[in-house]
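Notes for the one structure printed next.
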Amino acid sequence: MAIIEDGGSCLSADIAAGLPPAAALFHSLADETRLRIVQRLARGEARVVDLTGELGLAQSTVSKHLACLRDCGLIDYRAEGRQSFYALTRPELMDLLGAAEQLLAATGHTVALCPTYSSGAAATTSATTAAMGEVR
1464 MAIIEDGGSC
1474 LSADIAAGLP
1484 PAAALFHSLA
1494 DETRLRIVQR
1504 LARGEARVVD
1514 LTGELGLAQS
1524 TVSKHLACLR
1534 DCGLIDYRAE
1544 GRQSFYALTR
1554 PELMDLLGAA
1564 EQLLAATGHT
1574 VALCPTYSSG
1584 AAATTSATTA
1594 AMGEVR
């Protein structure tokens, strides 16, 4: 499922477009909103209404990003009556994000200063570090 409005994409769409699986995985995690959702789900299950309230995002935005993460196999949901409770399916994801946090700390966050990625990278790097820091 492609997420059109922000230019983001999902793992399955990236792989279908010929991107290697590892690159597609990191591309799917490159979105700040998806990182915030993952960070929140690391603390436990949440419904769409919980995520919209806690993250200050529109229901449609949260739903599209949840669908993307679900398509990637990183989250899933369980139905309880008319409600869906979302949770992480891969605990290895938190290990990956923790390793990324350590790498950012070791490099002094120089990724944000890289001329190739500096456009918006500082904000994304800060958000990523903040999201990963709260997960630990």
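Per the working numbering, the sequence shown starts with residue 1464, numbered consecutively.
The C-beta atom is built at its ideal place from N, Cα and C for all residues, glycine as well.
Item: Hey, is the region 1564-1573 in contact with the region 1511-1522, meaning 3+ C-beta pairs nearer than 8 Å?; Value: no
Item: Give the straight-line distance between the Cα atoms of Leu1504 and Ala1480, rounded to the nearest whole angstrom.; Value: 28 Å
Item: Where does Asp1558 sit, in a helix, a strand or coil, going by DSSP?; Value: helix
Item: Between the Cα of Ala1530 and those of Gly1544, Phe1489 and Ile1500, spot the shortest distance and give me the residue it belongs to.; Value: Ile1500
Item: Tell me the DSSP secondary structure of Ala1542 in three-state form.; Value: strand
Item: Please state the DSSP three-state secondary structure of Ala1521.; Value: coil
Item: Determine whether the beta carbon atoms of Tyr1540 and Ala1509 lie at a separation below 7 Å.; Value: no
Item: Give the straight-line distance between the Cα atoms of Ala1465 and Gln1502, rounded to the nearest whole angstrom.; Value: Bear in mind that the predicted position of Ala1465 carries a pLDDT of just 38, short of 50, making it unreliable; the figure below should be weighed with that in mind. Each residue's Cα considered, the two are about 21 Å apart.
Item: State the Cα-Cα distance for the pair Leu1556 and Gln1546, rounded to the nearest angstrom.; Value: 25 Å
Item: Going by DSSP in three states, Ala1493 sits in which element: helix, strand or coil?; Value: coil
Item: Per DSSP, what kind of secondary structure is Asp1469 in: helix, strand or coil?; Value: Residue placement at Asp1469 cannot be trusted, given a pLDDT of 41 that sits under 50; the coordinates are not used to answer.
Item: Using the three-state DSSP reduction, which class does Pro1483 fall into: helix, strand or coil?; Value: coil
Item: What residues in its chain sit with their C-beta under 8 Å from that of Pro1483, if we drop five residues either side in the sequence?; Value: none
Item: Select from Ala1542, Leu1520 and Phe1489 the residue whose C-alpha is nearest the C-alpha of Ala1563.; Value: Phe1489
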